[in-house]
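Per the numbering used here, the sequence shown starts with residue 4, numbered consecutively.
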Amino acid sequence: MKTYPKSIHQTGAVSVSMLRGADADVLSVSGPNPGFAGEEKDGVLLAPLTHENAALLRKLFPFTAPKPILESVRTFGVGDRLGIAAPGHLRVFEQYDAIPVLAQQSIRELNLTGRTYADVLDSATFAVFREDFQRGFGADGDHLKTDEEVEYALSNGYTMITLDCSEQIRNDITDMTDAQVDAAYSPDGELEALYCNKTFAVEDQTVTFDEQEFRRACLIYSAALDHAVHVYETYIKGGSVDFEISIDETMTPTTPAQHYFVASELLRRGVRFATVAPRFCGEFQKGIDYIGDLDQFEAEMRVHAAIARKFGYKLSIHSGSDKFSVFPIIGRLTRGNFHVKTAGTSWLEAMRVIAMVEPSLYREVHAFALSAFHEATKYYHVTTDLNKVAPLKTLSDAQLPALFDQNDARQLIHITYGLILNAKNEDGTFRFRGRLYRCWRENDTLYYDRLETHIGRHLKLLYSEIPQ
Ligand SMILES: [Zn+2]
4 MKTYPKSIHQ TGAVSVSMLR GADADVLSVS GPNPGFAGEE KDGVLLAPLT
54 HENAALLRKL FPFTAPKPIL ESVRTFGVGD RLGIAAPGHL RVFEQYDAIP
104 VLAQQSIREL NLTGRTYADV LDSATFAVFR EDFQRGFGAD GDHLKTDEEV
154 EYALSNGYTM ITLDCSEQIR NDITDMTDAQ VDAAYSPDGE LEALYCNKTF
204 AVEDQTVTFD EQEFRRACLI YSAALDHAVH VYETYIKGGS VDFEISIDET
254 MTPTTPAQHY FVASELLRRG VRFATVAPRF CGEFQKGIDY IGDLDQFEAE
304 MRVHAAIARK FGYKLSIHSG SDKFSVFPII GRLTRGNFHV KTAGTSWLEA
354 MRVIAMVEPS LYREVHAFAL SAFHEATKYY HVTTDLNKVA PLKTLSDAQL
404 PALFDQNDAR QLIHITYGLI LNAKNEDGTF RFRGRLYRCW RENDTLYYDR
454 LETHIGRHLK LLYSEIPQ
């Protein structure tokens with residue numbers, strides 16, 4: 004078995020490294036065993052990559068444990084749905100000063116991949132140990148909606164909570180007429196005195212609440228604000244966990260005035276948070292570039308970024324996979340102070356690798372994805388036109404990887420990941436999972452190369468216009 008060259012670490016009299024086995028990696032422990040479970044062989048202990056051994060590794064080598072990171076100027080979340088991408092992701096963060104969030108999953112992703120928070124964090128721990136990445140990383144319980152979900156992430160040592168307030172945000176208000184808004188609004192003298200018919204200076208911009216804008220903001224966000232206050236006071240206050248407020252999964256964009264209202268009210272009610280994720284104008288669909296008016300995006304981003312600076316937090320940009328046309332604007336207008344989240348694009352690169360090296364397997368998975376697409380649209384909002392995906396029989400094997408350069412084909416594979424990973428044969432065994440993971444393991448350096456290039460392109464553009 005070969006030793007991963009950067010994995011050799013010493014603590015006291017104990018030496019721990021990671022070996023590459025045929026089917027699975029294993030820790031090699033020599034010296035007095037501090038408690039790893041494993042098997043003795045030729046005087047060394049071989050310890051499998053289990054949860055218990057990961058927990059001990061985090062104790063012995065603190066850089067393998069996650070920490071709060073959102074106070075850093077630039078942070079970047081790279082969800083790793085498969086648990087195999089982190090060594091490739093780390094190659095990017097060796098080149099850029101952004102601190103990564105390596106463990107980052109929503110409950111939806113955990114359910115669709117059949118993973119647990121413990122397993123997602125352990126994968127990150129083993130990867131930073133193997134690659135000797137000592138700058139620190141975060142672990143984000145992403146898009147958590149309930150008390151139980153927050154408790155689940157915290158009990159597994161997650162250092163960041165992204166509170167998703169979408170179930171408390173009222174989507175029905177935006178389309179109401181002014182008269183309907185007036186009828187629905189119940190007067191709140193305290194808030195009226197603070198916001199109604201007031202204009203606020205935000206750097207060289209202004210945010211104004213006329214009576215309608217004010218009433219709409221109250222109606223849309225008041226339950227969401229109550230929820231955020233509750234979660235903060237119950238779980239976050241007094242601790243060191245990074246707290247993000249996510250209001251992005253709504254039917255309509257967050258106007259700058261609404262963003263101002265939410266941030267200002269959270270602070271007034273004593274909530275301390277590191278990041279806010281508004282929903283920006285245009286479309287941030289999964290795994291493809293921004294769709295929308297770039298001038299409007301830039302004008303609104305200018306105000307959103309100024310609001311965040313005024314109140315002392317960072318903007319968080321969700322669904323950041325492949326939003327290449329807006330990254331330079333985001334880097335410039337946030338003055339390089341941002342949090343960006345990606346996830347699906349690393350899964351797509353994994354599937355591109357399958358198309359490159361095992362075309363017959365790719366064809367099977369692609370055909371399955373076409374049959375499963377309708378089911379997957381229950382979980383993800385996309386505007387995919389399957390008629391634009393070239394029929395497989397018209398493509399040579401060499402043409403398959405280029406499917407990942409076409410938006411509709413990308414979204415086809417993007418949103419069906421859970422159904423692909425969980426598809427079963429009639430005898431109950433997994434239809435694709437085993438073959439996919441075997442292929443990824445055999446071609447791991449190709450996958451890391453792809454990630455270094457592709458995630459690297461995200462960072463390169465985000466950094467391209469940061470003012471000096
Ligand atoms: Zn989001």
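Every residue gets a Cβ at the ideal spot worked out from N, C-alpha and C, and that includes glycine. If you're wondering where the values come from, they're calculated on a predicted model, not measured in any experiment.
query: On the DSSP letters alone, give me the boundaries of the alpha helix (DSSP H) that His369 sits inside.; result: 362-379
query: Please tell me whether, using a cut-off of 7 Å, the distance from the CB of Ala3 to the nearest non-hydrogen atom of ligand 1 is below it.; result: This structure gives no information on residue 3, because the portion of the chain shown stretches from 4 to 471.
query: Please list, following the chain, all residues that have a C-beta closer than 5 Å to any non-hydrogen atom of ligand 1.; result: Asp251, His321
query: Would Ile418 pass as a contact of Phe435 if the rule is Cβ separation under 8 Å?; result: no
query: Taking C-alpha atoms, which residue in Val232, Ser158, Thr253 lies nearest to Tyr383?; result: Thr253
query: By alpha-carbon positions, which one of Leu269, Pro37, Met4 ends up nearest to Val17?; result: Pro37
query: For Leu166, which beta-bridge partners are listed by DSSP?; result: Leu147, Ile248
query: Grouping DSSP H, G and I as helix and E and B as strand, with all else coil, what is Asp28?; result: strand
query: Go to Leu318, then tell me how far its beta strand (DSSP E) extends in each direction, as first and last residue.; result: 317-320
query: Does Ala196 pass the burial test, meaning 16 or more other C-beta atoms within 10 Å, or should it be called exposed?; result: exposed
query: Pairs of beta-carbons, one from the stretch 244-251 and one from the stretch 274-286, closer than 8 Å: are there three or more?; result: yes
query: I'd like the list of long-range same chain contacts for Cys221, defined as Cβ closer than 7 Å, with 5 residues on each side in sequence excluded.; result: Tyr188, Asp191, Leu194
query: Sort Gly141, Ile469, Gly160, Trp443 by Cα distance to Gly80 and report the nearest one.; result: Gly141
query: Using only the alpha-carbon positions, how far apart do Leu22 and Thr14 sit?; result: 18 Å
query: Roughly how many angstroms lie between the CA atoms of Glu361 and Cys442, to the nearest whole one?; result: 8 Å
query: Within this structure, are the beta carbons of Ala405 and Phe371 separated by less than 8 Å?; result: no
query: Identify which residue in Glu216, Asp135, Asn446, Asp229 has its Cα closest to the Cα of Ser20.; result: Asp135
query: Helix or strand or just coil, what does DSSP make of Gln409?; result: coil
query: Are Met227 and Ile172 close, meaning C-beta to C-beta below 8 Å?; result: Before going further, note that residue 227 is Ala rather than Met in the sequence given. Contact: yes.
query: Which residues mark the beginning and the end of the beta strand (DSSP E) in which Gln108 is found?; result: 102-109
query: Pro69 to Leu113, Cα distance in whole Å?; result: 19 Å
query: Give me the residue from Phe39, Ile469, Arg84, Asp185 with the minimum Cα distance to Pro331.; result: Ile469
query: Check each candidate in Val104, Glu55, Val95, Asp400 and name the one with the smallest Cα separation from Glu74.; result: Val104
query: If you draw a straight line from the C-alpha of Cys284 to the C-alpha of Tyr263, how long is it?; result: 16 Å
query: Can you tell me whether Val205 is helix, strand or coil according to DSSP?; result: strand
query: Can you give the Cα-Cα distance for Ala57 and Gly91, rounded to whole angstroms?; result: 20 Å
query: Buried or exposed: where does Ala379 fall if 16 or more other Cβ atoms within 10 Å of its Cβ makes it buried?; result: buried
query: Hey, could you find the ends of the beta strand (DSSP E) Gln13 is sitting in?; result: 12-14
query: Are the beta-carbon atoms belonging to Glu367 and Val95 less than 8 Å from one another?; result: no
query: Taking the Cβ atom as the reference point for each residue, do Thr86 and Gln107 lie within a distance shorter than 8 Å?; result: Per the sequence shown, residue 86 should be read as Gly rather than Thr. For Gly86 and Gln107, no; Cβs fall outside 8 Å.
query: Using the three-state DSSP reduction, which class does Phe276 fall into: helix, strand or coil?; result: coil
query: Using a Cβ cut-off of 8 Å (strictly closer), state whether Val306 contacts chain B.; result: Absent here is chain B; the protein component of the structure consists of one chain.
query: Distance check for Gly46 and Asp145, CA to CA, integer angstroms please.; result: 43 Å
query: Is the Cβ-Cβ distance between Ala358 and Tyr450 less than 8 Å?; result: no
query: CA-CA distance, Met179 and Pro256?; result: 15 Å
query: Might you give, ordered along the chain, the residues of its own chain that have their beta carbon closer than 7 Å to the beta carbon of Gly24, omitting 5 neighbours on each side?; result: Met4
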